[in-house]
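Protein chains in written order, with UniProt numbering: chain A, 1 to 411; chain B, 1 to 233.
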């Protein structure tokens, strides 16, 4: 009951989810000055890693022009005007001043995988060589007690300054014993709470860390929940999707390096620059949706003509993400582009409510009342039939009863 | 011999509202089913033809929804301030209304064996039935507008930003009640079936009344009047 009241309060106090892509000259001028000062102060700090970004770019055979192309694209992704491009470039160089600790909980490491396949100029380099990634179990060389030690040192050294990236859900059932970490057997929950305590901000990466994701799917045996359900009193940024798009991860870090703040968030704590629009709004198949041209089954004539995938279960109209613009794997393609529907992987409860390759109208999803596993249409038709039968019975009874009444009258 | 006399039951405005609702509903159901599950393909194969089938279906759905909403507001007004009959008066749960409600109900289930109420005016059973329908419509209004504004994430619309802002303010609660967009969608769809059930019962009852009461009730919605026998008056 208290939870419900809390929710109602949230509804009436939450900020609009409006995406303001042009906040006016005054705003950007002030942000520009602020960012310049921020970058200046970062430059004065000792780099955590003494590596020059431009050297790396040269050594990777990426020319200045390609780098600036990436800078423009990233500036646009962050919904900043072009005048910020030089600052974004500078922020990239100064990424080695911001420590990042990445912890991994109950998940498949898909977000780390996605990050490794990040786009030009090989952001792996940015991250491994420039960005001060102080701890990342899956990627680092050390293991066991050495790894524990490295983590402790990083957290101690950069107290209050590091960005904590969390990948994976947190199992809460059975006192959290479904997931423990290290020799001490610390549960994922304890681990998360300890790590987030001194973080400057917490970035939940992927749908598991944000909304519980696949581990939290019904019946959720491990009692998995997302970071924002547990961590309170901290700046939290959610970057859902399965996996989260590396462009959005890099975007959040860059925004933090640039401004010292987390980007503007929506009511689900997702950065608006990435989750401000439905993928349906910018889908290359949108014209076919409006035209009523739908793929009826895989491999049919419509599929060959790249028609809309709504009827084969695409959840694009309900899903907020920028995949239709940024795409995946170096911007090569994305689910709808390769001819299969969106499964709404960046939405809460996505596995139970979105991730089925059937249209909404034929999906067997649980009714809001719970338990009833019939589809709405089956239930509806049943209800209409029952009503028709009821009416029929009443009508026949009325006719029969009417005749009898007439007979009685005649007598 | 009993003489039938004509009595007025619906004003011109009420009849217009009734038929606007009727046609809006037909259009909303047909287009709504298409939007939920496009059941026919574009008829013209040529891509270079103006054939925006889904767009037209959505257009029609939204237009009739707005007409629906406006008539709902009108009905809401007439509910309290009509100079003809104020329906809310029959909803007050006083003894007279409760007795009348059950008498009409008993008349229906005893197959017209027990007609102990005044059928010359709108009775409380009728008004309760009428009210349930409009509550269903109001629910369709809120859930439908939420489904609509969900897509206006930019917060802009052709008539300004106030419109999506207002829609968010009055419809966002449905997201919490039904657990997100999919839940709202299911609730919106379910309610269509409840409305259809309502319509079936409504048509049956009006026809049944006409046949068994022999007072020409079906004429109310066309000419505005029905007949009652003089001695009952």
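Each residue gets a CB set at the ideal place from its N, CA and C atoms; glycine is no exception.
| Check | Outcome |
| --- | --- |
| Helix, strand or coil at residue 369 of chain A according to DSSP, with G and I counted as helix | Reliability of the predicted coordinates at residue 369 of chain A is poor, the pLDDT of 49 falling under 50, and no value is obtained from them. |
| Residue 179 of chain A versus residue 113 of chain A - alpha carbon distance | 21 Å |
| Below-8 Å beta-carbon distance, residue 277 of chain A vs any chain B residue | yes |
| Under 7 Å by beta carbon: chain B residues contacting residue 387 of chain A | 197, 200 and 201 |
| For residue 8 of chain B and residue 220 of chain B, the rounded distance between their alpha carbons | 8 Å |
| Opening and closing residue of the beta strand (DSSP E) in which residue 201 of chain A lies | 201-205 |
| Buried versus exposed, by CB contacts within 10 Å (16 or more), residue 370 of chain A | For residue 370 of chain A, the predicted structure reports a pLDDT of 49, less than 50, and the residue's modelled location is therefore unreliable. The matter cannot be settled from this model. |
| Alpha carbon of residue 353 of chain A to alpha carbon of residue 87 of chain B, nearest angstrom | 42 Å |
| Coil, strand or helix - residue 311 of chain A by DSSP | helix |
| Residue 234 of chain B versus residue 310 of chain A - alpha carbon distance | Chain B is shown only over 1 to 233; residue 234 of chain B falls outside these bounds and no answer can be derived. |
| Cutoff 8 Å: residue 401 of chain A Cβ touching any chain B Cβ | yes |
| Members of the stretch 160-175 of chain B near chain A, C-beta cut-off 9 Å | 161, 164, 165, 168, 169, 172, 173 and 175 |
| DSSP bridge partner residues for residue 106 of chain A (one or two, in chain order) | A:169 |
| CB contact check: residue 318 of chain A to chain B, cutoff 8 Å | yes |
| Contact under 8 Å by Cβ, residue 111 of chain A with residue 243 of chain A | yes |
| Residue-chain proximity (residue 41 of chain B, chain A), Cβ-Cβ < 8 Å | yes |
| Beta carbon of residue 167 of chain A nearer than 8 Å to that of residue 107 of chain A | yes |
| Stretch pair the stretch 51-70 of chain A + the stretch 98-106 of chain A: three plus CB contacts closer than 8 Å | no |
| Three-state secondary structure (DSSP) of residue 98 of chain A | coil |
| Cβ-Cβ separation, residue 320 of chain A to residue 275 of chain A (assumed contact under 8 Å), whole Å | 5 Å |
| Contact with chain B by residue 411 of chain A, beta-carbon distance below 8 Å | Because residue 411 of chain A sits at a pLDDT of 45, beneath the cut-off of 50, its placement in the model cannot be relied upon, and the following sentence gives the value as read from the coordinates. Closer than 8 Å: no. |
| 3 or more residues per run - each beta strand (DSSP E) lying fully within the stretch 295-356 of chain A | none |
| Whether residue 262 of chain A touches residue 189 of chain B by CB criterion (8 Å) | no |
| Range covered by the beta strand (DSSP E) that runs through residue 236 of chain A | 236-239 |
| Which of helix, strand or coil DSSP assigns to residue 132 of chain A | strand |
| Chain B contact for residue 349 of chain A (CB, 8 Å cutoff) | yes |
| Where residue 197 of chain A sits in the DSSP three-state scheme | helix |
| Local conformation of residue 9 of chain B per DSSP, three classes | coil |
| Cutoff 8 Å: residue 126 of chain B Cβ touching any chain A Cβ | no |
| Strand pairing of residue 225 of chain B, partner residues [DSSP] | B:8 |
| Which of helix, strand or coil DSSP assigns to residue 427 of chain A | Any question about residue 427 of chain A goes unanswered here, given that chain A covers just 1 to 411. |
| Neighbourhood of residue 150 of chain B by C-beta, 6 Å cutoff - its chain only, sequence neighbours within 5 removed | 181 |
| C-beta contact flag for residue 203 of chain A and residue 237 of chain A at 8 Å | yes |
| C-alpha distance - residue 36 of chain A paired with residue 64 of chain B, whole-angstrom precision | 53 Å |
| Burial state of residue 3 of chain B, where buried means 16 or more other Cβ atoms lie within 10 Å | exposed |
| Amino acids of chain B, ordered along the chain, whose beta-carbon sits closer than 7 Å to that of residue 227 of chain A | Those within 7 Å of residue 227 of chain A in chain B number zero; the least Cβ separation is about 19 Å. |
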